[in-house]
Amino acid sequence: MNVIPRPLLIRLSYVIRPVLAFALKGNTYTDPIDGKNFKTFLPYGYGTQRNNVLSPSTLSLERHRLLWLYLQNETDFFSSKKSVLHFAPEQAFYKRFRKMKNLNYTTTDLNSPLADVKADICDLPFRDHEFDVILCNHVLEHIPDDTKAMQELYRVLKPGGMGIFQIPQDLSREATFEDNSITDKKERAKIFGQYDHVRVYGLDYFDKLRSIGFKVDEVDYTATFSEEEITKYCLSKGEIIPVVSK
């Protein structure tokens, strides 16, 4: 089975998603975002596929389900009034967060049709200390000046606020790797994971966030689940959630 490109996935989801969800109904795996059960999830990946990772109902991947479980179990995100800024909003979350009456929910991106505010993450049109929560997941690896982007995220987060800044990360790598001299798209995809990624983050990612001023909690949330639960929710064991505060 070929990889499903993300733009095509989004366009087709409203048509094929209900059909897939019905066809794959079962009792082996559960998407915690909507609680639906399946006999298998779908394969997904850029270049190299990962089997059994894409939920047929919400189109969530491992990182989305892990984040949902963390927000649901460890925070008051779903119950307290909060102003939320969500960068490049994911399909799995967008409509659900939009409907939540406790959230003053703002989406932003340069290109996404789901963005309320078209904005450059390095030059945000928001006031200082404006948001209680910032979700910025799998964005920073696309940004050449990630230092400036992090400074802007810090500026618009309220004191005492929380941010979650997930990135693709190589936990076996001490230092983040960048090389702008590599221009071939296939070579960049091979080295960086996608041709439009500008770096591979290592363990120093957390210290870079700290250098901006954030307090950083490196949350290995899968460590709180049993092996059976990790399999049931199709999570990526050992994935770190970078939870920041100001």
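Sequential numbering from 16 applies to the sequence shown in my numbering.
Ideal Cβ positions, reconstructed from N, Cα and C, are used throughout, including at glycine.
Under the assumption that residue i contacts residue j (Cβ atoms under 8 Å), give the Cβ distance between them as a whole number of angstroms.
i    : j    : result
K252 : Y169 : Wrong, their Cβ atoms sit about 31 Å apart, outside the cutoff.
F221 : V213 : Going by Cβ atoms, the distance from F221 to V213 rounds to 19 Å, so no, they are not a contact pair.
I255 : M165 : So it is not a contact: roughly 17 Å between Cβ atoms.
In the DSSP assignment, find the unbroken beta strand (DSSP E) run with residue i in it and report its ends.
i   : result
K51 : 51–53
Would you kindly report the start and end of the unbroken alpha helix (DSSP H) that includes residue i?
i    : result
N350 : With the chain covering 16 to 261 only, the question about residue 350 has no answer from this structure.
D138 : Element bounds for D138: n/a, residue is neither H nor E.
K201 : 200–207
Y220 : 220–227
Look at the Cβ atom of residue i, then the Cβ atom of residue j, and state whether they are nearer than 8 Å.
i    : j    : result
F180 : P104 : no
Q106 : L86  : no
Since residue i sits in a beta bridge, which residues does DSSP pair it with?
i    : result
P257 : E233
K247 : Looking at the DSSP assignment, K247 forms no beta bridge with any residue, so it has no partner.
S98  : N119
V68  : Per DSSP, none; premise fails for V68.
F192 : V215
Use the C-beta contact count for residue i: other C-beta atoms within 10 angstroms, 16 or more gives buried, fewer gives exposed.
i    : result
E89  : exposed
T55  : exposed
I19  : The predicted model places I19 with a pLDDT of 46, which falls under 50 and marks its position as unreliable; any figure quoted below should be read in that light. I19 comes out buried.
I197 : exposed
T63  : exposed
L186 : exposed
L125 : exposed
F108 : buried
N17  : Low local confidence applies: a pLDDT of 42 at N17 is under 50, so the model's placement there is unreliable, and no value is given.
R142 : exposed
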